[in-house]
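What follows is one structure encoded as structure tokens, with my remarks underneath.
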Amino acid sequence: MSEVTSKTSHSSDPSQCVNCFAPLVAGLSAKLCPACLLGSRAAFTTPPTDRSRLADFIPPAAEDIGLIFPEFEFSSLIGRGGMGAVYLAHQTDLERDVAIKILPPETAGDQEFQERFRREAATLARLDHPNIVRLFDFGEREGYFYFVMEYVPGADLAERLKSEKFTLEHVLRVVGEVCDALDYSHQRGVVHR
Numbered sequence: 002m003s004e005v006t007s008k009t010s011h012s013s014d015p016s017q018c019v020n021c022f023a024p025l026v027a028g029l030s031a032k033l034c035p036a037c038l039l040g041s042r043a044a045f046t047t048p049p050t051d052r053s054r055l056a057d058f059i060p061p062a063a064e065d066i067g068l069i070f071p072e073f074e075f076s077s078l079i080g081r082g083g084m085g086a087v088y089l090a091h092q093t094d095l096e097r098d099v100a101i102k103i104l105p106p107e108t109a110g111d112q113e114f115q116e117r118f119r120r121e122a123a124t125l126a127r128l129d130h131p132n133i134v135r136l137f138d139f140g141e142r143e144g145y146f147y148f149v150m151e152y153v154p155g156a157d158l159a160e161r162l163k164s165e166k167f168t169l170e171h172v173l174r175v176v177g178e179v180c181d182a183l184d185y186s187h188q189r190g191v192v193h194r
């Protein structure tokens, strides 16, 4: 699972992706390139009002975050972005691997953020589709808001775009799967940003 990474200085060029500065697709109003836009299956959280305060978030080591979540065995940090960090962990009582996303502790003092976090967690938990990561649990511990999510093994889209050539058929299949997931969520009143 990958998180769209956030640079500390954003592009002011409207023809460039605000995340990686790649050229944008002409004619679309998106501010992210296709790789950044599609590179995260778990991009349901709303950015806080002031993202600049989160840019310097340094995620705790897996063994340190494991002290806060003793019911999980943490393996590694598998992704980091402007909105937090994602760890691979094993949920011992249910014998399954999960992805645990933690948000920077700076979010804990923001009441508006907390309300959006809870509302969006409830929204994500209602979605049950093979192309949408399932949410198992969420909450706050020791100043960290967190999601416990389905772990989807494999490389993220950005990594695959760098290492593989995709056939037209493969691209159409992936786009079809993304559109199917978006249609499913739209039919339930959820619009992915």
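Every number in this note's numbering is 1 more than the matching position in the sequence shown, counting from 1.
Cβ atoms here follow ideal geometry from the backbone N, Cα and C, with glycine treated the same way.
| said: Which residue wins for smallest C-alpha separation from Ala90, given the options Glu121, Arg81, Lys102 and Gly82? | reply: Lys102
| said: Among Glu151, Thr108, Glu116 and Phe58, whose alpha-carbon lies nearest the alpha-carbon of Asn132? | reply: Nearest neighbour of Asn132 by Cα position, chosen from Glu151, Thr108, Glu116 and Phe58, turns out to be Glu151.
| task | Could you pull out every residue in the same chain whose Cβ sits closer than 8 angstroms to the Cβ of Glu72, ignoring the five residues on either side in sequence? | result | Gln92, Thr93 and Asp94
| request: Sort Ser16, Pro15 and Ile79 by Cα distance to Gly155 and report the nearest one. | output: Nearest C-alpha to Gly155 among Ser16, Pro15 and Ile79: Ile79.
| request: Mark Pro24 as exposed unless 16 or more other C-beta atoms lie within 10 angstroms of its C-beta, in which case mark it buried. | output: exposed
| field | Pairwise C-alpha distance: Leu125 and Arg142 | value | 20 angstroms
| query | Quick one: what does DSSP say Asp129 is sitting in, helix, strand or coil? | reply | coil
| request: Look at the alpha carbon of Arg117 and the alpha carbon of Leu183, and state the distance between them as a whole number of angstroms. | output: The alpha-carbon atoms of Arg117 and Leu183 are separated by roughly 20 angstroms.
| Between the Cα of Asp157 and the Cα atoms of Pro105, Arg81 and Phe58, which residue gives the shortest distance? | When only C-alpha atoms are compared, the closest one is Arg81.
| Inter-residue spacing [alpha-carbon to alpha-carbon] between Lys163 and Glu170 | 18 angstroms
| request: State the Cα-Cα distance for the pair Arg189 and Pro60, rounded to the nearest angstrom. | output: 34 angstroms
| Buried or exposed: where does Gly140 fall if 16 or more other Cβ atoms within 10 Å of its Cβ makes it buried? | exposed
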